[in-house]
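Numbering (the numbering used here), first residue to last: 404 to 712. Every residue, glycine too, gets a C-beta built ideally from N, C-alpha and C.
Written out as structure tokens, the structure reads:
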């Protein structure tokens with residue numbers, strides 16, 4: 404029951420030797436979701452042993468090249484590998500022209516369906532779901548239409564305590580009702596509250612991806628309490644004016660968002676190429692939010708499950 408983030412790229416606009424542009428994979432119980440697709444994404448997929456065919460959906464935050472230039476190669480390679488299953492791509496409305504260009508020039512061998520879902524929202528909205536998971540998109544504050552994504556496990560079905568089944572002699576229908584959260588009435592008329600009979604088997608996990616964005620008031624509310632928050636931190640504090648002018652965030656601003664949102668852990672990335680040494684980024688962020696880590700290309704960050712007995 405893994406819920407694992409795999410980092411494919413951590414650079415901003417200019418890639419450097421050990422940092423590819425933005426791309427991540429969220430592995431949810433073996434099902435792969437690709438988040439952004441900067442140049443070199445498919446090479447990183449190979450290096451990390453990730454299947455191209457198992458990618459069920461792609462989520463593109465915005466149409467700047469460092470988040471998109473890898474898409475043509477990836478789609479072509481999927482075709483060469485014989486993909487037949489539908490690929491869903493969630494991206495801003497203008498991506499339709501990008502996809503049309505790709506298909507008109509390079510789409511002859513693409514035998515699998517590609518479905519583009521346009522992103523256009525002013526507040527969080529559910530855009531995708533699969534077994535045990537939902538995905539919301541929400542707007543960010545950047546120069547162009549840009550969206551973040553919130554990945555949340557769905558609430559699991561309640562488990563019924565075995566000793567309570569024996570104690571009250573519960574039948575199959577009563578057990579099923581209890582799992583749905585209902586109170587149970589025994590044959591003698593006694594009402595047993597559901598809370599006495601059941602427990603939540605585990606806490607649903609969550610991950611929020613905040614791509615290029617300047618700070619804004621609603622963001623901490625939209626990612627409140629997530630287990631893991633990725634927030635771009637393109638610049639250190641000394642470059643706050645540049646961050647503001649370019650609609651990006653600094654280390655301090657990313658950390659303040661995490662603090663205000665009450666998240667469990669913050670991971671930062673999208674670093675300016677001006678800074679080969681990232682110790683300044685980490686130290687600044689930790690001064691505001693101690694549970695901060697740097698993302699590095701090819702990192703694997705597991706969000707462990709918290710089970711109850």
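Kindly list the residues whose CB is nearer than 6 angstroms to the CB of residue i, restricted to its own chain and excluding five residues on each side of it in sequence; keep chain order.
| i | result |
| --- | --- |
| residue 656 | 618 |
| residue 696 | 670 |
| residue 578 | 563 |
| residue 625 | 527, 541 |
| residue 481 | 455 |
| residue 442 | 424, 472, 473 |
| residue 666 | 629, 632 |
Which of the three DSSP states is assigned to residue i in this structure?
| i | result |
| --- | --- |
| residue 411 | strand |
| residue 640 | helix |
| residue 601 | strand |
| residue 686 | helix |
| residue 709 | coil |
| residue 542 | strand |
| residue 616 | coil |
| residue 426 | strand |
| residue 563 | strand |
| residue 674 | strand |
| residue 367 | There is simply no residue 367 to check, as the chain begins at 404 and stops at 712 in what is shown. |
| residue 439 | strand |
For the alpha helix (DSSP H) that contains residue i, what are its first and last residues?
| i | result |
| --- | --- |
| residue 476 | 474-483 |
| residue 446 | 444-450 |
| residue 533 | Unbroken run through residue 533 is the beta strand (DSSP E), 528-533; no alpha helix (DSSP H). |
| residue 578 | 575-582 |
| residue 622 | 622-625 |
Quick one: residues in its chain with C-beta nearer than 8 angstroms to the C-beta of residue i, no 5 flanking neighbours on either side, listed in chain order?
| i | result |
| --- | --- |
| residue 435 | 428, 429, 453, 454, 457, 458, 459 |
| residue 684 | 636, 639, 654, 671, 674, 678, 697 |
| residue 566 | none |
| residue 650 | 544, 545, 546, 615, 616, 617 |
Checking the sheet assignment: what are the DSSP bridge partners for residue i?
| i | result |
| --- | --- |
| residue 491 | 460, 518 |
| residue 609 | 555 |
| residue 550 | 542 |
| residue 668 | 631 |
| residue 537 | 532, 555 |
| residue 434 | 431 |
| residue 406 | 431 |
| residue 654 | Note: residue 654 sits in no beta bridge, so no partner. |
Looking only at its own chain, which residues have a Cβ that is under 7 angstroms from the Cβ of residue i, when we skip the five neighbours before and after it?
| i | result |
| --- | --- |
| residue 509 | 475, 479 |
| residue 699 | 410, 413 |
| residue 605 | 559, 708, 709, 710, 711 |
| residue 652 | 616, 617, 618, 634, 635, 636, 637, 646 |
| residue 595 | 571, 586, 587, 589 |
| residue 432 | 404, 405, 535 |
| residue 764 | Look at the range of the chain in this structure, 404 to 712, and you will see that residue 764 is not part of it. |
Between which two residues does the beta strand (DSSP E) containing residue i stretch?
| i | result |
| --- | --- |
| residue 633 | 631-635 |
| residue 705 | 703-705 |
| residue 501 | Per DSSP, residue 501 belongs to no beta strand (DSSP E); it is in the alpha helix (DSSP H), 498-509. |
| residue 697 | 695-697 |
Check the C-beta distance from residue i over to residue j and give it rounded, since I have them as a contact under 8 angstroms.
| i | j | result |
| --- | --- | --- |
| residue 708 | residue 608 | 7 angstroms |
| residue 523 | residue 465 | Not quite, the Cβ-Cβ distance comes to about 13 angstroms (not below 8 angstroms), so this is no contact. |
| residue 439 | residue 425 | 4 angstroms |
| residue 598 | residue 632 | Rounded, the Cβ-Cβ distance is 31 angstroms, inconsistent with contact. |
| residue 498 | residue 519 | 6 angstroms |
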